[in-house]
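Under the working numbering, the first residue of the sequence shown is numbered 1, with each subsequent residue one higher.
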Amino acid sequence: MELLINHFIRFAGKVGVGINDTEDVRIRKQTLTMISVLISAAGLVWGSMYAALGLPVTAMFPYAYSLLMGLAIIIFHNTKNFSLLLNTELVLILLLPFFVQWSIGGFAASGVVMLWAILSPMGALLFRGIRHAIFWFSVYIFLTVASIYFEQFLDLPRPTISSPINLIFFVMNIATVSVITFSSVLHFVSEQKKIKQRNEEYLVITQQNQEEIEKKNRQLERLSNQLSKYLSPQVYRSVFLGKEVRHETYRKKLTVFFSDIKEFTDITDSMESESLANLLNNYLNEMARIALQYGGTIDKFMGDAIMVFFGDPESKGDKEDALNCVLMAIEMRSRMEELRQEWINDGYPHALHIRMGINTGYCTVGNFGSEDRMDYTIIGGQVNIASRLEALSEPDQ
Numbered sequence: 001m002e003l004l005i006n007h008f009i010r011f012a013g014k015v016g017v018g019i020n021d022t023e024d025v026r027i028r029k030q031t032l033t034m035i036s037v038l039i040s041a042a043g044l045v046w047g048s049m050y051a052a053l054g055l056p057v058t059a060m061f062p063y064a065y066s067l068l069m070g071l072a073i074i075i076f077h078n079t080k081n082f083s084l085l086l087n088t089e090l091v092l093i094l095l096l097p098f099f100v101q102w103s104i105g106g107f108a109a110s111g112v113v114m115l116w117a118i119l120s121p122m123g124a125l126l127f128r129g130i131r132h133a134i135f136w137f138s139v140y141i142f143l144t145v146a147s148i149y150f151e152q153f154l155d156l157p158r159p160t161i162s163s164p165i166n167l168i169f170f171v172m173n174i175a176t177v178s179v180i181t182f183s184s185v186l187h188f189v190s191e192q193k194k195i196k197q198r199n200e201e202y203l204v205i206t207q208q209n210q211e212e213i214e215k216k217n218r219q220l221e222r223l224s225n226q227l228s229k230y231l232s233p234q235v236y237r238s239v240f241l242g243k244e245v246r247h248e249t250y251r252k253k254l255t256v257f258f259s260d261i262k263e264f265t266d267i268t269d270s271m272e273s274e275s276l277a278n279l280l281n282n283y284l285n286e287m288a289r290i291a292l293q294y295g296g297t298i299d300k301f302m303g304d305a306i307m308v309f310f311g312d313p314e315s316k317g318d319k320e321d322a323l324n325c326v327l328m329a330i331e332m333r334s335r336m337e338e339l340r341q342e343w344i345n346d347g348y349p350h351a352l353h354i355r356m357g358i359n360t361g362y363c364t365v366g367n368f369g370s371e372d373r374m375d376y377t378i379i380g381g382q383v384n385i386a387s388r389l390e391a392l393s394e395p396d397q
């Protein structure tokens, strides 16, 4: 029996279900199909019983219901039109029980067969919501009251069913409607409960995944912040935007800048390493800030020496790049004057001065190194010229 029920539920779950249907829509279609098939089967049983009792007109109505609902189920399976099947079900199950009641002799003589009509507002409540259910229930109450009231004025057929048979119909109508109603609601509610449980499980998994993603994002953010300190911002953006890192060089017109602190090597011999590190980091931090302010690409720091170039990977044009480089150098010189005075006030014994060299020309720029370790840098004669100009320049020039 359990196996048969499971086969029936699986069959109902395939009728009229589309591949894009949500779980909720699938359950609604499955439940409606189950109700329609069960009532259609009951219609065949009731029709056969009425026919066997010599009531062909009465038998015609449950047979008609089964036939029409069978056609509606076939159309529903082919068209996936849920509303067509539902509306057909609601109308037929609401009206035909009253036709059966009137054809057999009235409320009592029919064994309260009109009770089947309650399935109409119940179906509307399950599948359409409260507002539609109220409408169908109102029609059901109206038909019930009107039918019972007008029975006394209508010339209905005289009952030809014996009392024991009539009692059997009473029991069958009440019991079958109750079983169909309870089974349908039970299935619908249990499936909704399963959906709720799955949604809760998905919610927990989603929250766990979200927490893991946030954790990974924080790790990536910390990692990117750390990496950004070792890369020029322009290069850093290229890498983290997904640009492939590979051996690739090209010729391009660039403006190259070199600077260092005059006689810095001699000065380092007379300073403690901690004081030297603080001074050097202070100096490089200020110079780097100015370089980035004017759009320069910081190639590298070499002790006290700084190498910056303009024109790659971002460029504002050859002329604008060269002008920005000169403006950067002027501001660096001004800032160095301020730093020199600050250091003297802090007790540093040496007055530090910088030398700078600038040259514009075609250089080879790109990634140099091995597959495991690369540097984004520039090489060429124009780079060497900028370095020599810096070495030959006067202090603060």
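Heads up, the beta-carbon is just placed ideally off N, CA and C, and yes, glycines get one too.
Fair warning: this is a prediction, and the values are worked out from it, not measured in the lab.
Residues near residue i by beta carbon distance below 8 Å, same chain, minus five either side
i	result
residue 65	39, 40, 43, 92, 93 and 96
residue 115	97, 173, 174 and 177
residue 353	261, 262, 336, 340, 395 and 396
residue 328	257, 290, 291, 293, 294, 296 and 308
Close-in-space but distant-in-sequence residues of the same chain around residue i (CB under 6 Å, 5 per side omitted)
i	result
residue 401	Outside the modelled stretch of the chain, which goes from 1 to 397, sits residue 401, for which no answer is possible.
residue 350	267
residue 119	93
residue 369	375
residue 27	191
residue 180	38
residue 103	57 and 58
residue 249	364 and 366
residue 270	none
residue 107	148
residue 318	253
Cβ neighbour criterion (16 or more within 10 Å) applied to residue i
i	result
residue 251	exposed
residue 324	buried
residue 297	buried
residue 264	buried
residue 29	buried
residue 346	exposed
residue 130	exposed
residue 62	buried
residue 144	buried
residue 182	exposed
residue 54	exposed
residue 273	exposed
residue 372	exposed
residue 167	exposed
residue 277	exposed
residue 164	exposed
residue 254	buried
residue 79	exposed
residue 408	Residue 408 lies beyond the residue range present for the chain, which begins at 1 and ends at 397; the question has no answer from this structure.
residue 88	buried
residue 391	exposed
residue 105	buried
residue 188	buried
Cβ-based neighbour list, residue i, same chain, cut-off 7 Å, excluding 5 preceding and 5 following
i	result
residue 176	42
residue 170	111 and 112
residue 24	195
residue 132	124
residue 127	28, 32 and 86
Residues bridged to residue i (per DSSP)
i	result
residue 413	What is shown of the chain runs 1 to 397, which leaves residue 413 out entirely.
residue 374	369
residue 403	There is no way to answer for residue 403, as the model of the chain reaches only from 1 to 397.
residue 28	DSSP lists no partner for residue 28.
residue 361	254
residue 267	According to DSSP, residue 267 bridges with nothing at all.
residue 249	366
residue 379	364
Near the ligand ATP: residue i beta-carbon under 7 Å from a heavy atom
i	result
residue 108	This structure simply doesn't include the ligand ATP, nor any ligand for that matter.
8 Å Cβ cutoff, residue i in contact with chain D
i	result
residue 214	Given the protein chain composition of this structure (a single chain), no chain D is represented.
On the three-pair Cβ rule with 8 Å, is the region 299 to 316 touching the region 336 to 348?
-> no
Three or more C-beta pairs closer than 8 Å, one from the region 43 to 52 and one from the region 126 to 145: is that the case here?
-> Too few Cβ pairs lie closer than 8 Å, so no.
Which runs of the alpha helix (DSSP H) fall wholly inside the region 127 to 215 and span at least 4 residues, in chain order?
-> 130 to 150
Taking contact to mean at least 3 C-beta pairs separated by less than 8 Å, is the region 58 to 75 in contact with the region 191 to 205?
-> no
State whether the region 143 to 154 contacts the region 209 to 224, with contact taken as three or more CB pairs (one from each stretch) at a distance under 8 Å.
-> no
The region 353 to 365 in contact with the region 381 to 390 per 3-pair CB rule at 8 Å = yes
Those runs of the beta strand (DSSP E) which lie wholly inside the region 277 to 343 and span at least 3 residues = 297 to 302 and 305 to 310
For the region 76 to 131, which segments carrying the alpha helix (DSSP H) assignment without a break, of at least 4 residues, lie completely within its bounds, in sequence order?
-> 82 to 104 and 119 to 127
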